Amino acid sequence: MIKLDYVISAQNLSKKYGSFQALKGISFRIQEGECFGFLGHNGAGKSTTMRMIYGLSTVDEGQLTIWDQPITLTPPEIKSRLGIVPQEDSLDPDLTVLENLEVYGGLFGLSRSQSQMLGRQLLDDMGMLEKEHDSVESLSGGLKRRLVIARALINQPQIIILDEPTTGLDPQARHQVWQKLRSLKSQGVTLILTTHYMEEATQICDRLVIMHEGLILAEGSPMELIARCVLPYVIEIHLPIQDVPEQLMKHAGRFNAEVLQVANGIFLYCQDGHRLWEQLKHWDIPQHACFLRPSNLEDVFLKLTGKGEEQ
Amino acid sequence: MTGAFRVLDRHLKVFGRTWQHNLMFNVMEPLLYLSAMGFGLGAFVQEIDGMSYIQFIAPGMIALSAMYSATFECTYGTFVRLHYQKAFHAMLAGPVTVKDVVLGEILYGMMKSVLFGIVILVVVALLGQIPSWQALWIPLFLILPGTLFSIMALCYSGITTNIDYINYYITLVIMPFFLFGGLYFPVSALPGVVQKLNWLNPLYHSVEVCRALAFGNPAQAIGFHVAILAAMSALLLPLPIRLMKTRLLS
Ligand SMILES: Nc1ncnc2c1ncn2[C@@H]1O[C@H](COP(=O)(O)OP(=O)(O)OP(=O)(O)O)[C@@H](O)[C@H]1O
Ligand SMILES: [Mg+2]
């Protein structure tokens, strides 16, 4: 038996806001050194879960344990070993870029020179060192986001909680952030991440959960989830719904394909994509309106969270 | 408490950038009152308790400046940090508690009270309106009203949901303090009920102490006012912490 070290574990975690139940009893365990993702639609309860971990929310129902310590409200001793990227930027607009890092480092007891040195290094990693003396107000949304990430790293945390870290970033910046996260992971830092980008989750999460309306629907590595939840190939049919031949369901059934209706058309999931692809012309479906690809995490997500309706 | 000082450190950094505007705002107003009332009204008033009118109101301006500094910092300043800048949320992601955040705000408001009180003290002393060296105790004393006015303001900031509502606090709480606190006339001129109510007016107690120290009056009366201010601070302190907890944590 391999002994696994869990740095965070949650048992039946629930949260009520008034009469609204935002979390309905979720359980998960995060191992030391892994990148653990939370996926889910707006309002699924991702940030609520993150806030409970980093001490902006109290644990009222269920159990949360961080480093073997039961948590009601995460205390400063634990928070001093966490790095937080909240969903909202919350930078100090009265201060410059570097001063923001200095002041934040100060909260962790870093001296001015320490946090300046570390801060400049982090700004360099984030590709924004030349902005060090700019006012925060003058930064673009993406640069603000990168500064928040730099800020979260100033105390050299052992666990980093990133609530939608790359929302608003351009593709280059997103890759830069991923690179940084991978290098942190290689140093043994545990990462907890929420995201709406399936590619991000696939690229950097070792394991993830898919949340929906306060519940966890599935858990596993991206590959496991794809293998477990959907068939390996998809044919996307982008036709107005009235132009889709009525026979399609019957045809698909004969090939053991699953049909999912999504906003912009119909997805056909199947074992053998190429074989089905050849059938399309016999079914009066023009191939130019179709697209064959391997299934990915997005398909898992669509299927589980029911935004695509199974037929 | 370490957390609170770290929070204060953040505020001081910001203060280092904005103190000029702060100075204008917190110091000009008392000085305008002093000159308008002192010279204007003073022309009609002979003497009060053996002091010239301007001497009578000068110590009040010190107390007034202290009240304004703490009040504005912990209403508008706090509200902006809380609501618009999300500075408290950001700090709470670090190793501090809500209590640290609130204490940091109080320390900052108190510090500004003392600082701007000193500025007014220096100005009125230079104008020759402070007869006694005992006035050197005033800065130390201002820690008390600075703390109390910060606590009171934080309570209001903890419940108000809109920055415009801060006007209610200024108009309904701070203005009566200011008008009935004995800055411009001895409170004995007021109807008995109002005199009684003044026991709850921290500015009244502050003015009395500042005036006594400025004139080198014997210490006996001071103790009473100091005790009331200290008691009010101690009693109220848990309230803003609790209110901010409700506000910041969900
Ligand atoms: N302080 C609060 N008071 C009342 N309701 C809240 C509060 N915080 C969150 N909620 C509600 O709880 C639910 C979950 O919110 P949460 O912010 O956790 O979602 P999320 O998964 O992070 O969504 P998003 O992707 O939009 O960030 C939402 O319906 C939200 O309206
Ligand atoms: Mg969220």
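Residue numbers (this note's numbering), protein chains in the order written: chain E, 173 to 483; chain R, 2 to 251. The beta carbon of each residue, even a glycine, is placed where N, CA and C say it ideally should be. In this text, all values refer to a predicted model and were calculated from it rather than measured experimentally.
Select from the options the residue whose C-alpha is nearest the C-alpha of residue i.
i               : options                           : result
F210 of chain E : E:F427, E:T246, E:Q286 and E:R379 : E:R379
T244 of chain E : E:N468, E:P343, E:T221 and E:Q375 : E:T221
D232 of chain E : E:A373, E:L185 and E:F473         : E:L185
A228 of chain R : R:W200, R:I131 and R:L191         : R:W200
Y77 of chain R  : R:I171, R:L184 and R:V195         : R:I171
F14 of chain R  : E:L469, E:H213, E:L279 and E:K251 : What sits at residue 14 of chain R in the sequence shown is Lys, not Phe. The shortest Cα separation from K14 of chain R among E:L469, E:H213, E:L279 and E:K251 belongs to E:L279.
A59 of chain R  : R:P239, R:K246, R:C211 and R:P219 : R:C211
I382 of chain E : E:A216, E:K303, E:R317 and E:I180 : E:A216
K357 of chain E : E:Y178, E:E206 and E:L452         : E:E206
Q348 of chain E : E:V361, E:R317 and E:D335         : E:R317
L306 of chain R : R:F40, R:S133, R:I152 and R:L141  : Chain R is shown only over 2 to 251; residue 306 of chain R falls outside these bounds and no answer can be derived.
F117 of chain R : R:S251, R:W20 and R:G217          : R:W20
T247 of chain R : R:Y169, R:S36 and R:C156          : R:C156
T246 of chain E : E:R223, E:G314 and E:L432         : E:R223
A5 of chain R   : R:R18, R:G39, R:T79 and R:I107    : R:I107
A424 of chain E : E:Q235, E:A435 and E:L448         : E:L448
H22 of chain R  : R:S70, R:E48 and R:I49            : R:S70
Q433 of chain E : E:M395, E:P394 and E:K475         : E:K475
T98 of chain R  : E:G277, E:E249 and E:E418         : E:E249
I413 of chain E : E:K422, E:V402 and E:A435         : E:A435
Y205 of chain R : R:Y166, R:L65, R:F26 and R:L122   : R:L65
According to DSSP, is residue i part of a helix, a strand, or is it coil?
i               : result
Q86 of chain R  : coil
N468 of chain E : coil
I164 of chain R : helix
T268 of chain E : strand
S307 of chain E : strand
V349 of chain E : helix
M52 of chain R  : strand
E391 of chain E : strand
I1 of chain R   : In the structure as shown, chain R begins at 2 and stops at 251. Residue 1 of chain R is therefore absent and cannot be evaluated.
L116 of chain R : helix
V81 of chain R  : helix
T237 of chain E : strand
V125 of chain R : helix
G95 of chain R  : coil
T341 of chain E : A small correction: the amino acid at residue 341 of chain E is Leu; Thr does not occupy that position in the sequence shown. Looking at L341 of chain E - three-state DSSP - the assignment turns out to be coil, as it is neither helix nor strand.
I326 of chain E : coil
I63 of chain R  : helix
I131 of chain R : coil
L334 of chain E : strand
Q47 of chain R  : coil
M176 of chain R : helix
G478 of chain E : coil
S312 of chain E : coil
S70 of chain R  : helix
Would you check if the distance between the CB atom of residue i and the CB atom of residue j is smaller than 9 angstroms?
i               : j               : result
V406 of chain E : S467 of chain E : yes
F16 of chain R  : Y109 of chain R : yes
I63 of chain R  : L143 of chain R : yes
M68 of chain R  : S207 of chain R : yes
I223 of chain R : L214 of chain R : yes
W350 of chain E : Q330 of chain E : no
F200 of chain E : S181 of chain E : yes
G39 of chain R  : I49 of chain R  : no
R465 of chain E : E408 of chain E : yes
L420 of chain E : P458 of chain E : no
C442 of chain E : A429 of chain E : yes
L250 of chain R : S262 of chain E : no
D471 of chain E : V402 of chain E : yes
G227 of chain E : K251 of chain E : yes
L42 of chain R  : V120 of chain R : no
Would you call the region 6-15 of chain R in contact with the region 25-40 of chain R, where contact means no fewer than 3 C-beta pairs closer than 8 angstroms? no
Does the region 121-128 of chain R come close enough to the region 158-167 of chain R that 3 or more CB-CB pairs lie under 8 angstroms? no
Starting from the N-terminal side, write out each stretch of the alpha helix (DSSP H) that is 4 residues or longer and does not extend beyond the region 357-385 of chain E. 370-376
Given 8 angstroms as the limit, is there contact between the region 166-176 of chain R and the region 86-105 of chain R, that is, 3 or more CB pairs closer than that? no
Do the region 182-198 of chain E and the region 360-377 of chain E touch if we need at least three Cβ pairs shorter than 8 angstroms? no
Taking any heavy atom of ligand 4 as the mark, which residues have a C-beta closer than 6 angstroms to it, listed down the chain? Here the bound small molecules are ligand 1 and ligand 2; ligand 4 is not part of this structure.
Inter-stretch contact at 8 angstroms, needing at least 3 Cβ pairs: the region 301-308 of chain E / the region 257-269 of chain E: yes
Contact between the region 246-263 of chain E and the region 314-330 of chain E (3+ Cβ pairs under 8 angstroms): yes
Going residue by residue through the region 174-234 of chain E, where are the continuous alpha helix (DSSP H) segments of at least 4 residues, counting only ones entirely within it? 218-226
I want to know whether the region 287-306 of chain E touches the region 269-276 of chain E - three or more CB-CB distances under 8 angstroms. Yes, they touch.
Runs of beta strand (DSSP E) lying entirely within the region 403-473 of chain E, each at least 3 residues, in chain order: Counting only runs of 3 or more, we get 405-409, 430-434, 437-442 and 462-466.
I'd like the ranges of any alpha helix (DSSP H) spanning at least 4 consecutive residues and lying wholly in the region 182-239 of chain R. 193-198, 203-216 and 221-237
What residue ranges within the region 241-301 of chain E form continuous alpha helix (DSSP H) runs of no fewer than 4 residues, ordered along the chain? 248-251, 269-279 and 284-297
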